[in-house]
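Enquirer: Before I ask anything, let me first share the structure, which is written out below as structure tokens.
Protein chains: 2
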Amino acid sequence: MELSERKKKILQIVVDDYIDTAVPVSSKVISEKYMQNVSSATIRSELSALEELGYLTQLHTSSGRVPSAEAYKLYVSDLMVKEHLSKKELDYIKEIFLQKADNIENVFKNALKVISELSGYTSVAVSQSAVEDKIKEIRFFRFREDKALVLIVTELKLLKDNYIEIPKEMTDAELEEANAFINKLFKEKSFEEICNLEVDFDESFSGYKTIFINVIDALKAYFSAKEDSKLMIDGQDKILRHKDFLDVDRIKEFLEVVTSKDKLLDIMTEDNRELKINVKIGSEGYEKLPKDSSLVTASYSVHGKKIGTYGVIGPSRMDYQKVVAVLENVGRIIESILADKE
Amino acid sequence: MELSERKKKILQIVVDDYIDTAVPVSSKVISEKYMQNVSSATIRSELSALEELGYLTQLHTSSGRVPSAEAYKLYVSDLMVKEHLSKKELDYIKEIFLQKADNIENVFKNALKVISELSGYTSVAVSQSAVEDKIKEIRFFRFREDKALVLIVTELKLLKDNYIEIPKEMTDAELEEANAFINKLFKEKSFEEICNLEVDFDESFSGYKTIFINVIDALKAYFSAKEDSKLMIDGQDKILRHKDFLDVDRIKEFLEVVTSKDKLLDIMTEDNRELKINVKIGSEGYEKLPKDSSLVTASYSVHGKKIGTYGVIGPSRMDYQKVVAVLENVGRIIESILADKE
DNA sequence: TGTTAGCACTCTTAATGCTTGACTGCTAAT
DNA sequence: ATTAGCAGTCAAGCATTAAGAGTGCTAACA
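As you go down the protein sequences, you meet chains A and B in turn.
Sequence positions in the first sequence follow my numbering and run 1 to 342.
Sequence positions in the second sequence follow my numbering and run 343 to 684.
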């Protein structure tokens, strides 16, 4: 059922005012502050209808109305007036992104910082590239007689400090040869493909077998080690500045979800509808999220291929206008940077 | 003035009991639970004397006694009965430290994890090596025509992903030559020395000047970028499990100090007495620390040279026995690992 | 001189009841 | 369809009370 224009307007007012003041919105406030031409009694009947439809709730019989999860979703997708960032904010974004961004990890870190600073909420990002990312080149760098550093250049990332053991008696020339062999074998393959690779080591190559296994192990170690750090977070403390988190249990719940990371990782990677901006709200559907908190995410892609997701987590009563504006701007910059690198 | 044996015993009891129960300790509890042969009235006069001496305080006239900062310090240095870790805990330590520890950063991360898991508090570590660490080898690895990866092997660390720009027209052979030149120049020098290095580029070497400057810049970037991440933290959420942090302001204060990092960095690097275990308590002297919280630190050294500091931050009412036991054990392991690497 | 019992005093904490004010929902009139 | 008015509900703040925990002091005792 489609809402009447007036209902939409009232709903928008409720959400806006509630985000602004954190106080349940009463019919009186609406009629006096926003709609002087309509009496509070009229508003009351509209509010009551909106409640019936599931967009509003009351904390108790004699309190004003508070938006429901549904209302926030509708607000972000339809009702909300899109905001533009100020010149100052845009300059800040540019300034941060100018810093050392040769490594994709740094691009993420910069993005996280910008998002959390400008929005005032905790920012999160998860890279979904790792599994699909392909190897461009592998290079061994011997620096002890029985150790080598494996340097792996991928399409998007640079994996480093994966040490492997090599046989002491192997000469530098032999190592070079092994390098070339493995390089040829691994090139243009994803990690997944490599892990499933079955190789016949014929006589002449049997010396490489140890190295081969060590490299695979290093890759696996990299995977399992990074699996939990794939989720990056910045501005954890931001949450404390919002009056929504006044009681200790709320803060605990929030920080537990954010610091444990795995729950968040689940939610961020689960369904990935092709929406530009995705809003998930704790309770009603997303029980893993802290109660009454929202996760607003966006995805970024390079050459049409989705690479990761980034976003903001905070109270449901969140400044969605700013958050969406920040996410969209940062998204554009990330995509242009990554496309450039290619 | 030296405390009488009985006063010491009572003080120890107060601290132990307070750590255990989080309830101000009364004369009655002491006499009934710990010293049945003495009446509560006697304890009362002893307590009152200890308060006079600055070891105990009262929250209000009719409350039990709570240890002061002085009391905690004395407790850790003299009074406390040292605890030994259980077989299970020791096994856990070993298990964690077996994981991928080729890189010093991972040694730290492992240590942080162990410390925070076993103690139940937030763990912190700061490396003081960076400034003094000497370069062992520098290697260029070209991978775009105008870019190279600078790989710097130091005595203890491996710096990586510092990209530098190189002149397009430079041949690989020339790059090799430049590599050798810079390697020779930087070898066995600390970063500080390198930054102050004045080099005369005579005619034949003038082509390296760009590279030289780029490398220095990369090092500097590394420095300034890492300056704030030099402080590593694990288990931030641990603080929430302790009943000392029941009101929101305490949590806020704590998290602000811990997440902003710079205050903590100051405190951890400031005075470094050669004590094995160092206790700093918020309020009274260390205003930068959150109120009523303690920072317990230890330092580790390799070949007699101090390299860094690690520790635990949590409520003053902290399980010092466990914390000290964990720190000492982890310290021994770190030192043996680092000594091995040499 | 050190120890103890007893008692008065202080202060916190929790429970209770009361008042005020902010809303709503309903109804009847416009 | 809108509005004004009114009764009913609930939260929040405030004062009062009672109970309980713990101390300090004093006087008596070994």
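Quick reminder that beta carbons are idealized off the backbone N, C-alpha and C, glycines included.
Let's see if you can read the secondary structure: which residues bound the beta strand (DSSP E) around alanine 490 of chain B?
Expert: Run containing alanine 490 of chain B: 489-496, per the beta strand (DSSP E) assignment.
Enquirer: Give me the Cα-Cα distance between lysine 476 of chain B and alanine 298 of chain A, rounded to the nearest whole angstrom.
Expert: The alpha-carbon atoms of lysine 476 of chain B and alanine 298 of chain A are separated by roughly 44 Å.
Enquirer: Once DSSP output is grouped into helix, strand and coil, what is the label at tyrosine 121 of chain A?
Expert: Here tyrosine 121 of chain A sits in coil by DSSP.
Enquirer: By DSSP's criteria, methionine 422 of chain B is part of a beta bridge. Which residues make up the other side?
Expert: Partner(s): none; methionine 422 of chain B has no beta bridge.
Enquirer: Please state if the CB of tyrosine 121 of chain A and the CB of isoleucine 313 of chain A are separated by a distance shorter than 8 Å.
Expert: Yes. Within cutoff.
Enquirer: Taking Cβ-Cβ distances shorter than 7 Å, what residues in chain A pair up with lysine 594 of chain B?
Expert: Here the neighbours are Leu240.
Enquirer: Any beta carbon of chain A sitting closer than 8 Å to that of valine 590 of chain B?
Expert: Yes, valine 590 of chain B lies at the interface with chain A (some Cβ there is under 8 Å from its Cβ).
Enquirer: Which residue from B/Val600, B/Ser658, B/Lys605 puts its Cα closest to that of isoleucine 623 of chain B?
Expert: It is B/Ser658 whose Cα lies nearest to the Cα of isoleucine 623 of chain B.
Enquirer: In the DSSP assignment, find the unbroken alpha helix (DSSP H) run with valine 15 of chain A in it and report its ends.
Expert: Taken as a continuous stretch (DSSP letters only), the alpha helix (DSSP H) holding valine 15 of chain A covers 5-21.
Enquirer: When burial is assigned at 16 or more other CB atoms within 10 Å of the CB, is lysine 451 of chain B buried or exposed?
Expert: Lysine 451 of chain B is buried by the Cβ-count criterion.
Enquirer: Starting from the C-beta of aspartate 586 of chain B, find all residues in its chain whose C-beta is less than 6 Å away, skip the five residues before and the five after it, and write them out in chain order.
Expert: Excluding residues within five positions, the ones whose Cβ falls inside 6 Å are Pro657, Arg659.
Enquirer: Going by the CB atoms, is the gap between valine 150 of chain A and glutamate 137 of chain A shorter than 8 Å?
Expert: No, these two residues do not count as a Cβ contact at 8 Å.
Enquirer: Rounded to whole angstroms, what's the CA-CA distance from aspartate 228 of chain A to lysine 594 of chain B? Just pull it up for me.
Expert: With a pLDDT of 47 at aspartate 228 of chain A, under the threshold of 50, the modelled position of this residue cannot be trusted; read the value that follows with caution. If you take the alpha carbons of aspartate 228 of chain A and lysine 594 of chain B, they lie about 26 Å apart.
Enquirer: Taking arginine 407 of chain B as part of the alpha helix (DSSP H), name the residues at either end of that continuous run.
Expert: That residue, arginine 407 of chain B, is in no alpha helix (DSSP H); its beta strand (DSSP E) goes 407-409.
Enquirer: Following the continuous beta strand (DSSP E) through lysine 305 of chain A, name the residue where it begins and the one where it ends.
Expert: From DSSP, the beta strand (DSSP E) with lysine 305 of chain A extends over 305-315.
Enquirer: For threonine 57 of chain A, which beta-bridge partners are listed by DSSP?
Expert: Note: threonine 57 of chain A sits in a beta bridge opposite A/Val66.
Enquirer: Please name the residue in B/Glu612, B/Val408, B/Ala391, B/Asp634 whose C-alpha comes closest to that of glycine 650 of chain B.
Expert: Cα-wise, what sits closest to glycine 650 of chain B is B/Glu612.
Enquirer: Spatial neighbours of asparagine 620 of chain B within its chain, please: CB distance less than 6 Å, with the 5 preceding and 5 following residues excluded, ordered by chain position.
Expert: Only Thr639 meet the Cβ criterion.
Enquirer: With distances taken between CB atoms, is the gap from lysine 94 of chain A to alanine 49 of chain A smaller than 8 Å?
Expert: It is not a contact, given that the beta carbons lie outside the stated cut-off.
Enquirer: How many Å lie between serine 692 of chain B and isoleucine 233 of chain A at the Cα?
Expert: Within the shown structure, residues of chain B are numbered from 343 to 684, placing residue 692 of chain B beyond reach of any answer.
Enquirer: Is any beta-carbon of chain A found at less than 8 Å from that of arginine 674 of chain B?
Expert: Answer no: the Cβ-Cβ gap between arginine 674 of chain B and chain A never drops below 8 Å.
Enquirer: Between A/Asp172, A/Arg139, A/Ser119, A/Ser123, which has its C-alpha nearest glutamate 145 of chain A's C-alpha?
Expert: Per the Cα distances, A/Asp172.
Enquirer: Would you please verify whether the beta carbon of glutamine 578 of chain B is less than 8 Å from any beta carbon of chain A?
Expert: Chain A, which has a Cβ nearer than 8 Å to the Cβ of glutamine 578 of chain B, makes this yes.
Enquirer: Please report how far the alpha carbon of valine 466 of chain B lies from the alpha carbon of glutamate 32 of chain A, in whole angstroms.
Expert: Approximately 54 Å, taken between the alpha carbons.
Enquirer: Considering Cα atoms alone, identify which of A/Tyr300, A/Leu265, A/Lys305 is closest to tyrosine 286 of chain A.
Expert: Per the Cα distances, A/Leu265.
Enquirer: By Cβ distance below 6 Å, which residues in the same chain neighbour isoleucine 372 of chain B in space, the five residues on each side in sequence not counted?
Expert: Closer than 6 Å at Cβ, skipping near neighbours: Ile355, Ile385.
Enquirer: Does any CB atom of chain B fall closer than 8 Å to the CB of glutamate 174 of chain A?
Expert: No, its Cβ sits nowhere closer than 8 Å to a Cβ of chain B.
Enquirer: First and last residue of the beta strand (DSSP E) that includes threonine 42 of chain A?
Expert: Element bounds for threonine 42 of chain A: not the beta strand (DSSP E) but the alpha helix (DSSP H), 40-52.
Enquirer: Does chain B have any CB closer than 8 Å to the CB of glutamate 256 of chain A?
Expert: For glutamate 256 of chain A, the answer is yes, since a Cβ of chain B falls inside 8 Å of its Cβ.
Enquirer: Is there a Cβ from chain A that is less than 8 Å from the Cβ of leucine 493 of chain B?
Expert: So yes, leucine 493 of chain B belongs to the interface.
Enquirer: Any Cβ of chain B within less than 8 Å of the Cβ of arginine 317 of chain A?
Expert: By this cut-off, arginine 317 of chain A is not an interface position.
Enquirer: Taking Cβ to Cβ, would you say serine 461 of chain B is nearer than 8 Å to valine 599 of chain B?
Expert: For serine 461 of chain B and valine 599 of chain B, no; Cβs fall outside 8 Å.
Enquirer: Does DSSP put aspartate 570 of chain B in a helix, in a strand, or in coil?
Expert: Summary for aspartate 570 of chain B: the model assigns pLDDT 47, below 50, so the residue's position carries little reliability; its value from the coordinates is reported in the next sentence. In this structure, aspartate 570 of chain B counts as coil in the three-state DSSP scheme.
Enquirer: Could you check how far apart the C-beta atoms of alanine 490 of chain B and leucine 517 of chain B are, in whole angstroms? I think they sit under 8 Å.
Expert: Yes, alanine 490 of chain B and leucine 517 of chain B are in contact; Cβ-Cβ is about 7 Å, under 8 Å.
Enquirer: Using alpha carbons as the reference points, say which of A/Lys263, A/Gln128, A/His303 lies closest to alanine 339 of chain A.
Expert: Closest by alpha carbon: A/His303.
Enquirer: Between which two residues does the alpha helix (DSSP H) harbouring isoleucine 619 of chain B extend?
Expert: That residue, isoleucine 619 of chain B, is in no alpha helix (DSSP H); its beta strand (DSSP E) goes 619-623.
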